[in-house]
Amino acid sequence: MKLYIAYGTEADQVIALRLQALAAVNGLGVYVPPAYTRRPSATTLEPQALDRLMESDVVLGVITTGISNTCRQELDAARAFARKKDLIVLADPAVALELQDHFPGKVVVIDPANPAQAEQQMVQYLKQTEIEQTARAALIALGTLALGLMLFAPQE
Amino acid sequence: MPKRSAVIDSSCIVSLDVLNLLPQLTYLFENIYIPKAVRRELYDVRSTRDRLRALLRQYAVIRRCNDYDQAAVNILWAERHSEGSKDLGEVEAVVQAAKLGAVAVVDDPWGRELAARFRLDYHGTLWILERLCELRLLFPAVLREHLLTLRARGRRFPLDAANGLLERVGEQGI
């Protein structure tokens, strides 16, 4: 299974890199876009990112404080691309409302006050997808880790 | 999650990049700083120059650091230079680490000695590999392969210490 992590801003890249490191040791291929793509100067999706998006089975959004232009484009592209591509956006409550409007049914709110509900919501969402069972289990594990990393990430 | 930052010398960052282990460093350090002299050393060689540029663009946690105690660097550099070395990287890495309260990540024996004189927390590439094994971010068999890769690429490391590490994780020496 190939995973693409569309993280919101440069500050969120650390969560994506930690997930990538954990996934690598468990045999999952994870692509994390370079940090410069989250800088204000980056306005369009690069061809390499598009290729990686096309190749991926799942696109995981990780958004804590805000969403960069490029991240939004990645999530839009993931939604538009293919029927078989799954999209799940893990978002902090502060940005979740805005994202829910753009990506209805794809956003899991990571509420630090209620992590159990967030996990339940994520598992529920993944159960509805058409991903193969072992891949789904791996994704649930990875999503749970993302949840933990988001909860324990230092807040600016 | 880690709260400490690290200041890294050229040899360590090149070795860890060769092994594709830079994302894993986010489990050990909050930020990884590359001092000016280390960048200059890497910019001097075309292959590492291009790679350094790419790393600085790729990873938000890898940052440049430029402010340091110039007087301290000059004194230490004179000492280092008198021993015949042209590398300023270790000196700046240690002085920067002292200023930032960071860990010095240095492989060079003189640099490690200097870090000890500054009473810094200092480590090298082998320590990082061992920590990643402890965190189960690296399997022992992969660690052995990595050490072989480093040797094949001409990256220098103390063989006794490497074999000691392999023994501790239950792998055969190299």
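Residue numbers (my numbering), protein chains in the order written: chain A, 540 to 695; chain B, 44 to 217.
Quick reminder that beta carbons are idealized off the backbone N, C-alpha and C, glycines included.
Given the structure is predicted, the values throughout are model-derived calculations rather than measurements.
Given this structure, state the Cα-to-Cα distance separating B/L180 from B/L71, to the nearest angstrom. Along the second sequence, read from residue 1 onward, the residue named residue 180 of chain B stands at position 137. Along the second sequence, read from residue 1 onward, the residue named residue 71 of chain B stands at position 28. Going by the C-alpha atoms only, they are around 11 Å apart.
Consider the Cβ of A/R591: report whether some Cβ of chain B lies at a distance smaller than 9 Å.
For the purposes of this step, residue 591 of chain A is identified with residue 52 of the first sequence, where counting begins at 1. No, its Cβ sits nowhere closer than 9 Å to a Cβ of chain B.
Positions along the segment 565 to 579 of chain A whose CB lies within less than 8 Å of some CB in chain B:
V571, P573, A574, Y575 and R577
Quiz prompt | Within chain B, the residues that A/Q552 reaches when beta carbons sit closer than 8 Å | solution = Here the question's residue 552 of chain A lines up with position 13 in the first sequence. Those within 8 Å of A/Q552 in chain B are Y102, A103 and V104.
Rounded separation between B/L172 and B/S90 - CA only = Your numbering for residue 172 of chain B matches position 129 in the second sequence. Your numbering for residue 90 of chain B matches position 47 in the second sequence. Cα to Cα, B/L172 sits roughly 24 Å from B/S90.
Practice item. Can you give me, in chain order, the residues of the segment 61 to 77 of chain B that have a beta carbon less than 7 Å from any beta carbon in chain A? Key: P66, Q67, T69 and Y70
Worksheet item: A/E695 by DSSP, collapsed to three states: which one?
Response: Here residue 695 of chain A corresponds to residue number 156 of the first sequence, with the count starting at 1. Because the pLDDT at A/E695 is just 45, under 50, the model does not fix this residue reliably, and the value given afterwards should be weighed accordingly. A/E695 falls in the coil class under three-state DSSP.
Amino acids of chain A, ordered along the chain, whose beta-carbon sits closer than 8 Å to that of B/L143: Within the second sequence, the letter at position 100 stands for residue 143 of chain B. What B/L143 touches in chain A: nothing, since even the nearest Cβ is about 17 Å away.
| request: Using alpha carbons as the reference points, say which of A/Y570, A/G600 and A/G687 lies closest to A/A635. | output: Looking up residue 635 of chain A in the first sequence gives position 96. Per the Cα distances, A/G600.
Near A/E695, which residues of its chain fall below 6 Å by C-beta distance, leaving aside the five closest residues on each side in sequence?
Locating residue 695 of chain A in the first sequence gives position 156, where the first residue counts as 1. Unreliable placement is indicated for A/E695, whose pLDDT of 45 sits below 50; no coordinate value is reported for it.
> Would you call the segment 126 to 145 of chain B and the segment 75 to 84 of chain B touching, i.e. three or more CB-CB distances under 8 Å?
Replying inline: yes
- Boundaries (first-last residue) of the beta strand (DSSP E) holding B/P78: Here residue 78 of chain B is taken as the residue at index 35 of the second sequence, counted from 1. Residue range I75 to P78 is occupied by the beta strand (DSSP E) that includes B/P78.
Practice task
Starting from the C-beta of A/A574, find all residues in its chain whose C-beta is less than 6 Å away, skip the five residues before and the five after it, and write them out in chain order.
Solution key: Taking the first sequence and counting its residues from 1, the one referred to as residue 574 of chain A is at position 35. If we look at A/A574 and ignore the five residues flanking it on each side, its Cβ neighbours are E549 and Q552.
Original post:
By DSSP, does A/D625 sit in helix, in strand, or in coil?
Top reply: Residue 625 of chain A sits at position 86 when you count from the first residue of the first sequence. If DSSP states are grouped into helix, strand and coil, A/D625 belongs with the strands.
Entirely enclosed alpha helix (DSSP H) segments - the segment 130 to 201 of chain B, minimum 4 residues: 132 to 143, 152 to 160, 168 to 177 and 183 to 195
**Study point:** Cβ shell of A/A560 (< 7 Å), same chain only, five flanking positions each side left out
**Key:** Indexing the first sequence from 1 puts residue 560 of chain A at position 21. None.
Using the C-alpha atoms, what's the distance from B/S58 back to B/D93?
In the second sequence, counting from the first residue as 1, residue 93 of chain B sits at position 50. In the second sequence, counting from the first residue as 1, residue 58 of chain B sits at position 15. The straight-line gap from Cα to Cα measures roughly 15 Å.
Just to confirm the assignment, what range does the alpha helix (DSSP H) spanning A/K666 have? Along the first sequence, one-based indexing puts residue 666 of chain A at 127. P654 to Q667 is the extent of the alpha helix (DSSP H) around A/K666.
* To do: Sort out for me which residues DSSP pairs B/C55 with in a bridge.
  => By 1-based counting over the second sequence, the position of residue 55 of chain B is 12. Answer by DSSP bridge pairing: none, since B/C55 is not bridged.
Under 7 Å Cβ-Cβ, which residues of chain A neighbour B/L190? Within the second sequence, residue 190 of chain B is the residue found at index 147, counting from 1. Ordered by position in chain A, no residue passes the 7 Å Cβ test against B/L190, which lies about 17 Å from the chain.
Taking the CB atoms as reference points, tell me whether A/V628 and A/F642 lie closer together than 9 Å. Numbered from 1 along the first sequence, position 89 holds the residue referred to as residue 628 of chain A. Numbered from 1 along the first sequence, position 103 holds the residue referred to as residue 642 of chain A. Result yes, Cβ atoms of A/V628 and A/F642 sit closer than 9 Å.
Out of curiosity, what's the CA-to-CA distance linking A/G687 and A/A680?
The count along the first sequence starts at 1 and reaches residue 687 of chain A at position 148. The count along the first sequence starts at 1 and reaches residue 680 of chain A at position 141. Cα to Cα, the separation comes out at about 11 Å.
inquiry  = Just verifying my parser: in three-state terms, what is the DSSP assignment at A/G547?
reply    = Locating residue 547 of chain A in the first sequence gives position 8, counting from the first residue. DSSP places A/G547 in coil when its eight states are reduced to three.
Would you say A/L686 lies against chain B (beta-carbon separation less than 9 Å)?
Translated into the one-based positions of the first sequence, residue 686 of chain A becomes position 147. Contact with chain B is absent for A/L686, since none of that chain's Cβ atoms lies less than 9 Å from the residue's Cβ.
Strictly under 9 Å for the Cβ-Cβ distance: is A/Q559 near chain B by that measure?
In the first sequence, residue 559 of chain A corresponds to position 20, counting from 1. Closer than 9 Å: yes.
Worksheet item: Are the beta-carbon atoms belonging to B/L68 and B/V104 less than 9 Å from one another?
Response: Counted from its first residue, the second sequence places residue 68 of chain B at position 25. Counted from its first residue, the second sequence places residue 104 of chain B at position 61. Annotated as proximal: B/L68 and B/V104, with beta-carbon spacing under 9 Å.
| field | Separation of B/N109 from A/A562, as counted between CA atoms | value | As a first step, residue 562 of chain A is located in the first sequence; it is residue number 23 there, counting from the start. As a first step, residue 109 of chain B is located in the second sequence; it is residue number 66 there, counting from the start. About 34 Å.
My output table needs one value for A/L599: the three-state DSSP class, helix, strand or coil. Indexing the first sequence from 1 puts residue 599 of chain A at position 60. In the structure shown, A/L599 sits in a strand (DSSP, three-state: E or B).
request  = Consider the Cβ of A/L556: report whether some Cβ of chain B lies at a distance smaller than 9 Å.
outcome  = As a working mapping, residue 556 of chain A is identified with position 17 in the first sequence. It does: the Cβ of A/L556 has a partner Cβ on chain B nearer than 9 Å.
Checklist entry - Counting only beta-carbon atoms, is B/L181 nearer than 9 Å to chain A? => result The sequence position of residue 181 of chain B within the second sequence is 138, counting from 1. Yes, contact with chain A.
| field | Cβ-Cβ separation, B/V149 to B/D52 (assumed contact under 8 Å), whole Å | value | Start at 1 with the first residue of the second sequence, and residue 52 of chain B comes out as number 9. Start at 1 with the first residue of the second sequence, and residue 149 of chain B comes out as number 106. Right, their Cβ atoms sit about 4 Å apart.
Q | Classification of A/P572 by the beta-carbon crowding that lies within 10 angstroms, buried from 16 upward | A | On the first sequence, position 33 is the one that residue 572 of chain A refers to. With 16 or more other Cβ atoms within 10 Å, it is buried.
| Burial state of A/K645, where buried means 16 or more other Cβ atoms lie within 10 Å | For the purposes of this step, residue 645 of chain A is taken as the residue at position 106 of the first sequence. With 16 or more other Cβ atoms within 10 Å, it is buried.
Fill in: Span separating the alpha-carbon of A/K541 from that of A/K624
Here residue 541 of chain A corresponds to residue number 2 of the first sequence, with the count starting at 1. Here residue 624 of chain A corresponds to residue number 85 of the first sequence, with the count starting at 1. If I take the Cα positions, the gap works out to 10 Å.
| query | In angstroms, rounded to a whole number, what distance separates the CA positions of B/G154 and A/I602? | reply | Looking up residue 154 of chain B in the second sequence gives position 111. Looking up residue 602 of chain A in the first sequence gives position 63. Rounded to the nearest angstrom, the two C-alpha atoms are 40 Å apart.
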